[in-house]
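> Residue numbers (this note's numbering), protein chains in the order written: chain A, 8 to 669; chain B, 8 to 669.
Glycine included, C-beta positions come from ideal geometry on N, C-alpha and C.
In this text the structure is predicted, and so the values were computed from the model without any measurement.
I have a structure here, written as structure tokens, and I will follow up with some questions on it.
There are 2 protein chains.
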Amino acid sequence: MSTEPVARIHRDLPLQVTAVVIENAQPVVDGGRFSAKAIAGDPLSVSADVFTHGHDIVRAVARTRHSGARRWSTAPMHSDGNDRFSGTVIPQTEGPFEIEISGCVDELATWARDARRRVEARRPDPFEAEVGARLLGEAAAALASSGASEAAARVDELAALAKAAVTTKLLNAIAKAGGALALRAMPAVGTVAYRMKAVADRPRAAFSTWYELFPRSASSDPRRPGTLIDVIARLDYVAGLGFDVLYLPPVHPIGTTARKGKGNKTTAHAGDVGSPWAIGSAAGGHTAIAPELGTLEDFDALVGEAAARGLEIALDLAFQCSPDHPWVSEHPEWFGHRPDGSIECAENPPKRYEDIYPIDFSTPDREALWRALADVVFFWTKHGVRIFRVDNPHTKPFAFWEWLIGEVKREIPEVLFLSEAFTRPKVMHRLAKLGFDQSYTYFTWRNSKWELEEYFRELTSTPGVAYFRPNVWPNTPDILAESLQHGGRPSFITRLVLAAGLCANYGIYGPLFELCWDEPAAPFSEEYRHSEKYEVHHHDLADKSSIAAVITRVNAARRAYPALQRDTGLHFHHVDNDQILCWSKRSGAGDCVIGVVNLDPKWAQSGFVHLDAGAIGLDPGVDFAVNDALNGERYSWVAGENFLKLDPKSMPAHLLAIEATA
Amino acid sequence: MSTEPVARIHRDLPLQVTAVVIENAQPVVDGGRFSAKAIAGDPLSVSADVFTHGHDIVRAVARTRHSGARRWSTAPMHSDGNDRFSGTVIPQTEGPFEIEISGCVDELATWARDARRRVEARRPDPFEAEVGARLLGEAAAALASSGASEAAARVDELAALAKAAVTTKLLNAIAKAGGALALRAMPAVGTVAYRMKAVADRPRAAFSTWYELFPRSASSDPRRPGTLIDVIARLDYVAGLGFDVLYLPPVHPIGTTARKGKGNKTTAHAGDVGSPWAIGSAAGGHTAIAPELGTLEDFDALVGEAAARGLEIALDLAFQCSPDHPWVSEHPEWFGHRPDGSIECAENPPKRYEDIYPIDFSTPDREALWRALADVVFFWTKHGVRIFRVDNPHTKPFAFWEWLIGEVKREIPEVLFLSEAFTRPKVMHRLAKLGFDQSYTYFTWRNSKWELEEYFRELTSTPGVAYFRPNVWPNTPDILAESLQHGGRPSFITRLVLAAGLCANYGIYGPLFELCWDEPAAPFSEEYRHSEKYEVHHHDLADKSSIAAVITRVNAARRAYPALQRDTGLHFHHVDNDQILCWSKRSGAGDCVIGVVNLDPKWAQSGFVHLDAGAIGLDPGVDFAVNDALNGERYSWVAGENFLKLDPKSMPAHLLAIEATA
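As structure tokens, this is what we get:
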């Protein structure tokens with residue numbers, strides 16, 4: 008009796024029956040909506056669950072090519088168990104690239120495994136030799152056609168042997184040839200491919216050391232404000248400290264209408280210099296240099312002199328206008344209007360920014376507006392700028408930034424954008440996903456041991472690690488962190504070592520940082536007293552309070568040790584004292600740096616550090632030598648329990664490079 | 008000076024500028040590749056990150072409709088903080104449905120918040136009244152056009168008040184009206200919608216109690232094997248134990264070629280009955296009843312009599328054939344062939360299943376084959392079957408199951424499929440994603456306290472909870488679990504209470520389970536001795552070893568307490584004895600059941616249970632009364648530390664329903 012046809016409601020059958028499944032591929036950002044980030048020349052781990060129904064053996068391969076390229080480079084993937092496969096691809100140049108993971112059933116390996124079981128159980132299959140010889144013959148042909156003639160010849164020999172008899176010896180020979188067989192072209196059985204998109208940036212996207220200064224406070228002559236020429240004179244100092252990015256607040260003409268006075272007062276007095284973020288005057292807008300700072304030629308000279316010292320100039324991209332900006336009269340439709348026709352000033356109630364007009368990104372004339380803004384970026388790239396720190400990107404539409412960064416990077420892939428967004432976590436992450444290369448973080452407000460451990464675990468774990476590159480700052484012109492206000496010099500050193508030792512991208516706002524300025528505008532305020540945002544300062548760089556020597560040593564260590572140049576390989580070690588934080592960072596190449604910090608700026612703290620030997624790449628109990636980057640001294644440590652004492656009066660931290668095992 | 012056009016490389020601008028972002032929506036399975044699962048009539052939580060740039064207040068709404076329906080039902084979503092919004096939708100009937108999350112900027116709420124800040128800071132805006140009146144007027148109009156005339160009138164009053172002056176009193180009134188305002192139609196500013204797909208099943212998909220028996224062992228007459236008529240006679244017993252699904256191994260004709268003998272021997276002797284999974288003989292295939300069991304009319308009678316007792320019959324879907332199946336001669340191309348033209352028997356080397364031919368799902372004739380297999384399902388649905396337990400789905404292509412289940416559920420949404428796949432986790436999950444309603448689990452081999460806690464935490468947490476419904480079995484005809492072999496009666500009771508108390512879907516293979524059969528085929532084997540897969544048994548259901556009375560009590564508790572009817576609200580409580588496991592389950596309605604089990608079948612164990620008051624919905628330290636479902640006794644417990652002792656000689660478990668606080 009055969010099946011009676013009971014119902015006839017069948018729809019189209021799927022095309023492919025024995026399809027391999029590829030699930031949970033990494034790195035994928037929001038299901039492929041955004042590109043994962045990588046560094047040109049750096050290995051990038053790719054992985055996926057790859058499996059099929061039944062018991063067949065599955066093989067997986069990763070391929071990569073730059074967008075627009077024809078040829079793929081192939082990388083093997085190996086099984087990590089539990090149907091997970093992983094491998095490594097290396098983008099060779101900057102720009103977008105594709106990754107493709109393919110999976111297929113390995114008929115030959117499946118047969119060889121089953122044949123071995125039958126042979127060992129003495130349950131021979133009468134067709135063993137016939138099937139084995141056929142599969143090996145097919146593999147040899149595939150190898151030959153892909154140009155691997157030597158391997159093909161070897162597999163052809165195995166096919167001939169199989170035709171005679173399938174023995175344990177033959178199966179061992181096949182297992183030994185596995186590598187060669189796996190390299191042959193993917194067969195047709197169940198092949199499935201999963202395509203991912205990524206973008207490779209230049210190494211500075213992952214490893215950068217920033218110094219921020221106000222050019223008008225860079226004068227060495229206390230009788231006059233600084234200029235771009237004074238900044239050139241200061242380059243040796245900044246480069247000597249070991250920085251590689253010099254970031255300048257806006258250098259454009261500053262408006263006079265509603266100019267802010269000292270200390271953010273709403274009325275300015277004669278001689279008040281205004282906020283550099285109130286951009287635009289009769290002297291020009293976002294593509295002009297403030298006359299009091301110099302000329303475009305001075306700026307070009309600054310870029311060139313900086314480059315000669317290994318320093319890049321980063322500009323501030325603050326897309327907003329003073330009431331005197333040329334755009335206000337030329338393009339009034341680019342701004343929001345109030346019921347009486349006047350232009351709205353910026354506000355975040357109850358705060359008002361009378362000296363600033365926000366741009367209306369949704370204006371009906373937005374095509375012209377957006378193009379003008381992109382042209383600002385292209386203007387400065389023509390003048391050699393390749394890094395932009397973007398002011399308050401979270402107050403402008405996401406769609407604008409995605410469009411702008413895409414436009415710029417399509418032309419000049421090496422341009423980097425740092426997102427100044429100390430805002431809600433999901434907004435910060437969205438900005439990173441849509442294209443910002445680096446992002447400010449909450450480091451500035453993470454002070455206690457558990458806060459720091461938790462936050463850096465989050466920053467260095469999935470899913471954010473695929474697209475979010477943190478850049479940590481102990482201070483900025485907007486933030487004199489509470490942690491710096493009461494601890495004096497030791498707290499500056501501690502925050503420096505934390506920032507520079509925990510994160511591959513960090514920056515300081517100087518010279519206030521190295522001179523240990525710690526006076527807030529008011530109790531409980533995080534604004535600086537006499538903020539440089541509204542007035543000119545003169546600094547004595549040679550002041551004995553300066554921690555410049557420590558900064559120089561820390562930055563030298565960052566250049567010396569690859570472990571400090573990426574945000575991978577971070578591990579926190581147990582210390583039986585909540586005031587002492589200990590971590591290690593280990594590079595793919597194996598070099599390892601251990602950081603230890605006393606979080607208490609007042610008192611000496613001591614305790615036992617329990618080093619996890621595995622995390623630092625040593626066997627438990629092994630003795631090893633370390634070199635302290637902060638003072639050049641050598642100590643003997645053990646991959647286990649170490650007693651230490653850190654006295655803030657001398658030095659509140661160690662930054663220890665592992666030199667050699669004893 | 009205006010911006011010079013430096014480059015002209017701009018591409019198309021995005022259409023929408025101020026778009027709200029919706030990210031990380033739940034429940035979404037594999038980025039929308041598969042449907043999330045729900046129960047008709049059950050609330051389903053939906054959530055997403057919803058935000059925009061800047062400081063605007065964002066509002067989110069969820070809508071749902073059954074596929075093909077026109078009208079949406081709308082459900083509010085509320086902010087959980089950190090830009091996360093959540094809400095609840097309730098699918099009303101079975102079948103696929105859509106969920107849509109919409110987000111938009113709430114201009115009115117944003118203005119009201121900012122106006123309040125300005126009013127409180129005494130920094131008035133000269134246009135406050137004008138802007139407020141306009142926004143309130145727009146809200147009133149939207150409410151009126153959506154039929155909410157009463158709310159519209161109230162908001163119109165507020166608009167009139169605003170026109171006069173924006174005061175704290177008015178802002179308070181707006182805040183109070185918030186509920187009404189939030190119900191108005193979504194405005195146009197930045198509205199974005201995210202569509203998700205889900206499928207609603209009938210409640211039995213989430214809550215079912217299975218009993219498996221071999222019909223041929225159901226005879227009450229020891230002189231002859233059982234028939235379907237004998238199964239009818241046993242329905243009162245099974246229903247009396249409290250089960251609602253009676254699952255029968257295959258009831259089809261059994262092949263004689265290469266029939267297996269007792270104990271899975273490769274040669275059968277005269278009188279050997281063969282394995283029911285060797286389906287098909289001259290008497291028919293997958294749509295026939297084995298002559299020794301009865302007729303199709305007997306089967307129809309069984310389905311009807313079962314239904315009269317609240318029992319559903321579940322059939323076994325084993326898509327494989329004995330060499331005598333009619334398809335073997337009618338459709339030889341549906342099977343795999345060896346080099347000599349013979350058909351391959353099933354194997355998983357070194358094991359061979361000589362009495363079974365696997366079907367070749369990739370056959371060139373697969374359209375006819377797949378339709379024939381679907382017709383098998385439809386044949387039995389015509390005979391009233393609505394539940395299928397699928398044998399070894401993991402050895403057939405995923406694409407086949409996705410197609411088959413889709414075909415069947417499109418016609419008859421209430422059909423349920425249980426996946427018998429004790430295989431690799433990712434394969435089990437894939438089967439659940441593609442449509443299986445329930446899945447066997449590793450419960451059978453999870454014995455120690457940490458194993459059970461870890462495994463059930465995994466089963467009840469994301470992401471699997473969106474699509475994977477576990478069905479746990481202490482034993483099956485294939486598995487006499489090691490945990491049952493050495494612990495005697497107490498171990499059977501313990502495994503029963505664990506299965507029935509931890510999981511809303513569970514089953515036992517009887518009567519061997521309730522009669523505490525514990526003899527393996529060989530030491531270290533998990534096969535039953537004298538396995539019913541190959542021979543007929545006669546059971547004395549009245550044997551004094553039976554734990555039928557305990558099963559009856561446990562199943563009655565499952566019917567009485569909603570907390571045991573879903574896999575949500577599970578929490579493990581700390582016990583200072585590793586042999587005692589304690590958990591609680593709490594329903595959305597608030598009822599709560601506490602399970603406690605002594606995992607040591609030999610010795611009495613005692614210890615302190617530290618109840619987490621929050622997890623059981625009580626205040627810390629509160630006294631409360633519990634009713635023990637296993638013996639009907641009442642105890643006084645406290646939402647804190649409770650001492651208890653469980654002696655396997657009397658009863659190794661409690662199943663405690665919280666009755667009332669003292």
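What residues from chain A crowd round residue 137 of chain B, counting only those whose CB sits closer than 7 Å?
Counting from 1 along the second sequence, the entry for residue 137 of chain B is found at position 130. Going along chain A in sequence order, the residues near residue 137 of chain B (Cβ under 7 Å) are 346.
> Report the option in A/615, A/582, A/623 and A/613 whose CA atom is closest to the CA atom of residue 596 of chain A.
Translated into the one-based positions of the first sequence, residue 596 of chain A becomes position 589. Considering only alpha carbons, the answer is A/623.
> Take residue 201 of chain A as the anchor and find which of A/57, A/309, A/319 and A/146 has the nearest alpha-carbon.
Within the first sequence, residue 201 of chain A is the residue found at index 194, counting from 1. Measuring from the Cα of residue 201 of chain A, the nearest candidate turns out to be A/57.
> According to DSSP, simplified to helix, strand and coil, what is residue 626 of chain A?
Here residue 626 of chain A refers to the residue found at position 619 when the first sequence is read from its first residue. In the structure shown, residue 626 of chain A adopts coil according to DSSP, grouped into three states.
> Roughly how many whole angstroms lie between the Cα atoms of residue 192 of chain A and residue 451 of chain B?
Residue mapping note: residue 192 of chain A aligns to position 185 of the first sequence, counting from 1. Residue mapping note: residue 451 of chain B aligns to position 444 of the second sequence, counting from 1. Note that residue 192 of chain A scores 48 on pLDDT, short of 50, meaning its location in the model is unreliable and no value can be drawn from it.
> According to DSSP, is residue 490 of chain B part of a helix, a strand, or is it coil?
To locate residue 490 of chain B, count along the second sequence from 1; it is residue 483. Note: residue 490 of chain B maps to helix in three-state DSSP.
> Between A/141, A/152, A/154 and A/153, which has its C-alpha nearest residue 164 of chain A's C-alpha?
What you label residue 164 of chain A is simply residue 157 of the first sequence in a count that begins at 1. Comparing Cα positions, the closest option is A/141.
> Look at the alpha carbon of residue 570 of chain B and the alpha carbon of residue 214 of chain B, and state the distance between them as a whole number of angstroms.
Locating residue 570 of chain B in the second sequence gives position 563, where the first residue counts as 1. Locating residue 214 of chain B in the second sequence gives position 207, where the first residue counts as 1. Approximately 11 Å, taken between the alpha carbons.
> Tell me, please, which residues DSSP counts as bridged to residue 395 of chain A.
If you number the first sequence from 1, residue 395 of chain A lands on position 388. Looking at the DSSP assignment, residue 395 of chain A forms a beta bridge with A/322 and A/424.
> Check whether the Cβ of residue 30 of chain A lies closer than 8 Å to any Cβ atom in chain B.
Taking the first sequence and counting its residues from 1, the one referred to as residue 30 of chain A is at position 23. Yes, contact with chain B.
> Do we get a CB-CB distance below 8 Å when we pair residue 402 of chain A with the residues of chain B?
Along the first sequence, read from residue 1 onward, the residue named residue 402 of chain A stands at position 395. Yes, its Cβ sits closer than 8 Å to a Cβ of chain B.
> Going by the CB atoms, is the gap between residue 284 of chain A and residue 321 of chain A shorter than 8 Å?
Working through the first sequence from its first residue, we reach residue 321 of chain A at position 314. Working through the first sequence from its first residue, we reach residue 284 of chain A at position 277. In this structure, residue 284 of chain A does not lie closer than 8 Å to residue 321 of chain A by Cβ.
> Taking just the CA atoms, how far does residue 408 of chain B sit from residue 414 of chain B?
Within the second sequence, the letter at position 407 stands for residue 414 of chain B. Within the second sequence, the letter at position 401 stands for residue 408 of chain B. Their Cα atoms are separated by approximately 10 Å.
> Could you tell me whether any Cβ in chain B is nearer than 8 Å to the Cβ of residue 477 of chain A?
Here residue 477 of chain A refers to the residue found at position 470 when the first sequence is read from its first residue. So no, residue 477 of chain A is outside the interface.
> So residue 200 of chain B is in the beta strand (DSSP E); what residue range does that whole segment cover?
As a position in the second sequence, residue 200 of chain B is number 193, starting the count at 1. Element bounds for residue 200 of chain B: 199-208.
> Using C-beta distances below 6 Å, list every residue in its chain close to residue 190 of chain B, excluding the 5 sequence neighbours before and after it, in chain order.
Taking the first residue of the second sequence as 1, we reach residue 190 of chain B at position 183. Per-residue confidence for residue 190 of chain B stands at a pLDDT of 48, beneath the threshold of 50, marking its modelled position as unreliable; no derived number is given.
> Given that residue 56 of chain B touches chain A, what residues does it touch there, using C-beta distances under 7 Å?
In the second sequence, the residue the question calls residue 56 of chain B occupies position 49. Neighbours of residue 56 of chain B on chain A, chain order: 433.
> For residue 227 of chain A, does the count of other Cβ atoms within 10 angstroms reach 16, so buried, or fall short, so exposed?
Taking the first residue of the first sequence as 1, we reach residue 227 of chain A at position 220. Exposed.
> If I measure Cβ to Cβ from residue 317 of chain B and keep anything under 7 Å in the same chain, skipping five residues before and after, which residues do I get?
Position 310 of the second sequence, counting from 1, holds the residue named residue 317 of chain B. So the list reads 246 and 251, once near-sequence residues are dropped.
> Give me the chain B residues within the contact set of residue 38 of chain A, using Cβ-Cβ distance strictly less than 7 Å, ordered along the chain.
The residue you call residue 38 of chain A lines up with position 31 of the first sequence. Ordered by position in chain B, the residues that pass the 7 Å Cβ test against residue 38 of chain A are 38.
> Evaluate residue 540 of chain A with the Cβ neighbour count: other Cβ atoms within 10 Å of its Cβ, from every protein chain shown; 16 or more gives buried, anything less gives exposed.
By 1-based counting over the first sequence, the position of residue 540 of chain A is 533. Counting Cβ neighbours within 10 Å, residue 540 of chain A comes out buried, since at least 16 surround it.
> Which residues mark the beginning and the end of the beta strand (DSSP E) in which residue 5 of chain B is found?
Given a span of 8 to 669 for chain B in the structure shown, any question on residue 5 of chain B remains unanswerable.
> Below 8 Å CB to CB, which residues in the same chain sit around residue 561 of chain B once its five sequence neighbours on both sides are set aside?
Start at 1 with the first residue of the second sequence, and residue 561 of chain B comes out as number 554. Cβ neighbours of residue 561 of chain B beyond the five flanking positions: 249, 503, 504, 507, 508, 636, 637 and 662.
> Sorted by chain position, which residues of the same chain lie with C-beta nearer than 8 Å to residue 345 of chain B's C-beta, five sequence neighbours on each side aside?
As a working note, residue 345 of chain B is residue 338 in the second sequence. Counting only Cβ-Cβ distances below 8 Å, and skipping sequence neighbours, we find 351.
> Residues in its own chain within less than 6 Å of residue 401 of chain B by CB, not counting five upstream and five downstream?
On the second sequence, position 394 is the one that residue 401 of chain B refers to. The residues are 428, 430 and 434.
> Which residue marks the beginning of the alpha helix (DSSP H) containing residue 306 of chain B, and which one marks its end?
Along the second sequence, one-based indexing puts residue 306 of chain B at 299. Taken as a continuous stretch (DSSP letters only), the alpha helix (DSSP H) holding residue 306 of chain B covers 303-315.
> Taking residue 270 of chain B as the query, report the chain A residues whose CB atoms sit under 8 Å from its CB, ordered along the chain.
Against the second sequence, residue 270 of chain B aligns to sequence position 263. Ordered by position in chain A, no residue passes the 8 Å Cβ test against residue 270 of chain B, which lies about 19 Å from the chain.
> If you scan the stretch 329-413 of chain B from start to end, which runs of the beta strand (DSSP E) of 3 or more residues do you find wholly inside it?
353-355, 358-360 and 394-398
> How many Å lie between residue 384 of chain A and residue 222 of chain A at the Cα?
Against the first sequence, residue 384 of chain A aligns to sequence position 377. Against the first sequence, residue 222 of chain A aligns to sequence position 215. Residue 384 of chain A and residue 222 of chain A: Cα-Cα distance of roughly 20 Å.
> Report the residue from A/153, A/208 and A/608 whose alpha carbon sits nearest the alpha carbon of residue 496 of chain A.
Counting from one through the first sequence, the residue named residue 496 of chain A turns up at place 489. Comparing Cα positions, the closest option is A/608.
> Pair every Cβ in the stretch 299-314 of chain B with every Cβ in the stretch 372-380 of chain B, then say whether three or more of these pairs are closer than 8 Å.
no
> Looking at the structure shown, is residue 696 of chain B part of a helix, part of a strand, or coil, going by DSSP?
An answer regarding residue 696 of chain B cannot be provided, because it is not within the stretch 8 to 669 covered by chain B.
> Restricting to Cα atoms, I'd like to know which of B/524, B/301 and B/217 is closest to residue 510 of chain B.
Start at 1 with the first residue of the second sequence, and residue 510 of chain B comes out as number 503. That would be B/217, whose Cα lies nearest to the Cα of residue 510 of chain B.
> Which one of B/591, B/576, B/575 and B/574 has the shortest CA to CA distance from residue 582 of chain B?
Against the second sequence, residue 582 of chain B aligns to sequence position 575. With distances taken between Cα atoms, residue 582 of chain B lies closest to B/591.
> Report yes if the CB atom of residue 97 of chain A is closer than 8 Å to the CB atom of residue 53 of chain A, and no otherwise.
Position 90 of the first sequence, counted from the first residue, corresponds to residue 97 of chain A. Position 46 of the first sequence, counted from the first residue, corresponds to residue 53 of chain A. No, they are not a contact pair.
> Helix, strand or coil for residue 276 of chain A? Go by DSSP, reduced to three states.
What you label residue 276 of chain A is simply residue 269 of the first sequence in a count that begins at 1. Residue state, collapsed to three classes: coil.
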